[in-house]
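Q: In this note's numbering, the protein residues as written are 679 to 983.
Just passing along the structure, written as structure tokens.
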């Protein structure tokens with residue numbers, strides 16, 4: 679495993695060094711990391727403390743973590759040049775790219791324990807709700823996370839109607855609501871505030887654990903839900919895991935160092951890798967823009983509707 683991680687780190691460093699865009703002329707005085715919404719801010723900040731410390735040691739500058747209330751806060755931070763690094767969902771990356779193709783470079787992607795980098799939008803309900811599939815959701819309240827979430831909105835908003843269930847409020851579901859994030863959706867379903875919702879998971883491992891990684895795993899680890907009280911009622915087609923992105927304005931040595939650090943994380947600090955990857959992972963490997971062309975086209979088509 680350590681050899682794999684080291685090879686991935688070297689490959690990632692080599693790729694960004696060879697394919698880097700123009701270098702920033704000035705040295706950085708601080709490094710700013712954005713953390714997507716989906717769970718409460720204190721938990722997000724706590725999960726990234728290890729990366730904050732390692733980045734400060736590596737770059738020799740103060741590191742600041744930002745945990746905005748929603749996905750758009752991170753997206754706008756990257757577009758406005760106020761953030762240097764973030765792990766985006768594929769739809770979030772699509773929004774950044776469609777707004778400004780010169781804002782960020784995708785450099786790494788989380789690798790699942792099976793070696794792939796796909797994941798799923800998972801529809802789920804309470805076991806005692808008698809909702810076992812979308813067929814049981816007629817007239818019920820369906821919860822989605824954030825409008826900029828890939829698994830929490832974009833993909834299910836396309837895939838569910840393709841299965842014959844309209845996403846227009848009142849046409850099939852009694853209501854379609856946004857909860858604000860993955861954690862909020864999970865808690866709302868668990869508490870019976872909504873009938874069902876969608877969130878993300880790698881789909882590997884055991885349901886009772888919240889799968890190996892994803893929002894369900896984080897909620898289970900945090901003791902927010904008892905997974906035996908929830909059940910899966912829908913699963914999307916496979917989705918490409920979102921990229922870790924770096925601002926194109928960063929100096930090249932900073933890009934290389936940060937790419938190498940995160941690519942090596944599973945080897946040098948497995949607990950930190952677990953925290954920032956939202957569960958079990960085989961590490962991080964290089965990724966390029968081409969992996970997200972289909973998601974970009976899906977988001978572009980959605981924006982036209």
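Quick reminder that beta carbons are idealized off the backbone N, C-alpha and C, glycines included.
Note that the coordinates shown come from a computational prediction; the quantities given were computed from them, not determined experimentally.
1. In the DSSP assignment, find the unbroken beta strand (DSSP E) run with residue 876 in it and report its ends.
2. On the CB-based measure, 16 or more other CB atoms within 10 Å of its CB, does residue 900 come out buried or exposed?
3. Measure the beta-carbon distance from residue 818 to residue 873 and round it to whole angstroms, keeping in mind my assumption that it falls under 8 Å.
4. Below 8 Å on the Cβ atoms is my guess for residue 885 versus residue 798; work out the distance and round it to an integer in Å.
5. Taking just the CA atoms, how far does residue 813 sit from residue 834?
6. Using CA coordinates, which residue listed in 816, 747, 860, 876 is at the minimum distance from residue 837?
7. Return the chain-ordered list of same chain residues with a C-beta closer than 8 Å to the C-beta of residue 979, the five sequence neighbours on each side being excluded.
8. For residue 719, report the span of its alpha helix (DSSP H) as first-last.
9. In the DSSP assignment, what are the bridge partners of residue 764?
10. Can you give me the C-alpha to C-alpha distance between residue 732 and residue 943, rounded to a whole angstrom?
11. Are residue 729 and residue 711 close, meaning C-beta to C-beta below 8 Å?
12. Who does residue 800 pair with in a DSSP beta bridge?
13. Give me the Cβ distance between residue 926 and residue 752, rounded to the nearest whole Å; I'm assuming they're in contact under 8 Å.
14. Quick one: Cα of residue 916 to Cα of residue 800, how far?
15. According to DSSP, residue 788 sits in a beta bridge with which residue or residues?
A: On the basis of the data shown:
1. 874-879
2. exposed
3. 4 Å
4. Contact doesn't hold; Cβ gap of about 12 Å is too wide.
5. Approximately 15 Å between the Cα atoms of the pair.
6. 876
7. Nothing meets the Cβ criterion.
8. 719-725
9. In DSSP, residue 764 forms a bridge with 712, 923.
10. If you take the alpha carbons of residue 732 and residue 943, they lie about 10 Å apart.
11. yes
12. 877, 913
13. Contact flag wrong, Cβ pair sits at about 16 Å.
14. 11 Å
15. Its beta-bridge partners are 962.
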